[in-house]
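In short: position in the sequence shown from 1, add 964, done, that's my numbering.
By construction, the Cβ of each residue, glycine as well, lies at the ideal position given by its N, Cα and C atoms.
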Amino acid sequence: MSSTIIAGRFVNPEREWTGQIRLEGDTIVEVGERLGTPDVEFGEDCYVFAGMGDIHIHARDDQSETQTYKEDFRTAAAAAVNGGVVQVADMPNNPVAPIDDASYRAKQQHLAARDVPIQVTLYAGIGPGTRPLSFAVPYKAYMGPSVGDLFFSTLADLDETLAHYRGQCVSFHCEDPELLEQHKSAATHEQRRPAECELSATRFALQMIEKYELRGKLCHYSVGEGLPLIRAARAKGLDVTCEVTPHHLYYDVSDLTDENRGWMQMNPPLRDIADRKAMLAALRDGTLDYLATDHAPHTLEENTAGISGQPHLDTYGEFVTWLIAEQGFTAGQVAAFCAENPGRFVNPYTAPLKFGRIEPGYVASLTVLNLARPTTIRREDLKTKCGWSPFEGVTFPGSIEAVYVRGECLK
Ligand SMILES: NC(=O)N[C@@H](CC(=O)O)C(=O)O
């Protein structure tokens, strides 16, 4: 079995240290000071993290193959590696939604045939009348309409369905369908999906998590007023974690112009500056657990025509360098919300591989960021099939030095 010694500055959430690690096959087998002559050495400008994980992506690939003109598992995996991401979790709002044993297994087989190097965990969908699968998977509930047909029209219907999912791991897209309906004639996207939709849905999701003892997760959180509700629920002992996207941390409504409105549209929408600042603070204090992109690759033409979502996998790692160099996040904080917490979320489903830490027994996947070499995002460097990024032209303070996937250096 091939053995590689890597030297550099390593980061886990609780400590940062200079030393060496030894990889054997696809596993980290030793962490120490002087294990031998290094095969690879990363300099002082680099941080070596456990491989980063994006637990909210839309690869747009399923057995129907009707959306693979914009992304498929291969191009999503290429975009992930390009952005320093070694494991992803894929959402179920496909034309053929994985909602039961047969449809989930069929999507798994479809994925296996794509033979991608990174780990892809599949969510199963919860829709009106669905029931849990016979094996453990993470679930996703779209409370109201977003993209695709998997959603509820009333929260009462969702409650009735969730009663069957007691104790399961359920992620919520928090927008109240009845309030969305009330605002549907408003002038702009953000007025049609206002903060109160997410707040009301947050209260409901927390009630459901308590009532059915779910392992709950709130997706792409964007409303400052909801954060105290999440903290209070945790203080009460609820098992609830929370994602935040790059776009809700970087942009707010003051960035919207007549020209960019089309491609700056996503669900939930951009919010006020105060919300954006609240998200940054909550990511720093641990209220938000995961940097998860909601990578939603649609073509620019589709976005301009009104479909919601932005692609973000290609730029995940560069965006993280902005958090460190310009927003004052510590490398340890990054190791928590980009590696350890996403790893903890998927590890129940990825055995024998264990993601998220630099520690013997964990997978030999690493994300190495260089904080001294800035990157300007250019369309020609993207690997996503949809072919664009909202960050085109943005210069981030750092770059991706290397990406190891199961012991192999892929970038
Ligand atoms: N977030 C989005 O704006 N779009 C997502 C759907 C979703 O996650 O709601 C998509 O599937 O494209």
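Check	Outcome
Ala-1260 beta carbon near ligand 1 (any heavy atom closer than 7 Å)	yes
Outcome for Arg-1240 when other beta-carbon atoms lying within 10 angstroms are tallied against a minimum of 16	buried
Candidates Ser-967, Gly-1000, Gly-989: closest to Gly-983 by CA position	Gly-1000
Check: Lys-1110 C-beta below 7 Å from any heavy atom of ligand 1	Here the sequence assigns Ser to residue 1110, which means Lys is not the residue at that position. Checking the Cβ of Ser-1110 against ligand 1 gives yes.
Nonlocal neighbours in the same chain, by C-beta distance under 7 Å from Glu-1162, ignoring five residues either side	Cys-1138, Glu-1139, Ser-1186, Val-1187, Gly-1190, Pro-1232
Secondary structure, alpha helix (DSSP H): runs of 4+ residues fully inside the segment 1163–1251	1191–1199, 1210–1214, 1237–1248
As assigned by DSSP and simplified to three states, the class of Ser-1067	helix
Nonlocal neighbours in the same chain, by C-beta distance under 7 Å from Tyr-1176, ignoring five residues either side	Leu-1126, Ala-1127, Tyr-1129, Arg-1130
Where Glu-1323 falls: helix, strand or coil (DSSP)	coil
Residues that DSSP places opposite Val-1004 in a beta bridge	Ile-970
Extent of the continuous alpha helix (DSSP H) run through Trp-1286	1280–1291
For Tyr-1368, the residue or residues it bridges with in DSSP	Leu-1330, Cys-1373
Residue from Ala-1260, Gly-1273, Glu-1282, Ala-1303 with nearest C-alpha to Ala-1040	Ala-1260
Distance cut-off 7 Å: Asn-1058 Cβ against heavy atoms of ligand 1	no
Reference Ser-1110; option with closest CA among Gly-1270, Glu-1282, Asn-1305	Gly-1270
Other residues of its chain near Phe-1309: CB distance less than 6 Å, five sequence neighbours each side excluded	Ile-1019
CB contact flag (Val-975, Tyr-1033, <8 Å)	no
Rounded straight-line distance, which links the Cα of Leu-1333 to that of Tyr-1368	12 Å
Gln-1132 and Pro-1092 closer than 8 Å at C-beta	no
For Arg-1235 and Lys-1200, the rounded distance between their alpha carbons	28 Å
Among Asp-1121, Val-993, Ser-1135, Ala-1076, the one whose alpha carbon lies nearest that of Asn-1057	Ser-1135
DSSP three-state assignment for Tyr-1254, whether helix, strand or coil	strand
Helix, strand or coil at Glu-980 according to DSSP, with G and I counted as helix	strand
CB contact below 8 Å: Gly-1000 versus chain B	This model lacks chain B altogether, as it is built from one protein chain only.
7 Å Cβ shell around Trp-1286 - same chain, five flanking residues per side excluded	Phe-1360, Pro-1361
Beta-carbon proximity check, Thr-1263 vs His-1276, cutoff 8 Å	no
Proximity test, Met-1230 beta-carbon vs ligand 1 heavy atom, cut-off 7 Å	yes
The segment 1299–1319 / the segment 1070–1079 touching (three or more Cβ pairs under 8 Å)	no
Gly-1273 Cβ short of 7 Å to ligand 1 heavy atom set	yes
Identity of the residue in Arg-1195, Asn-1224, Tyr-1106, Thr-1205 nearest Leu-1178 by Cα	Thr-1205
Residues bridged to Ser-1135 (per DSSP)	Lys-1104, Lys-1181
Which of helix, strand or coil DSSP assigns to Ala-1151	coil
3-residue-minimum beta strand (DSSP E) runs that sit fully inside the segment 1022–1075, ordered along the chain	1049–1054
Cutoff 7 Å; reference Ala-1238; Cβ partners in own chain excluding five residues on either side	Gly-1188
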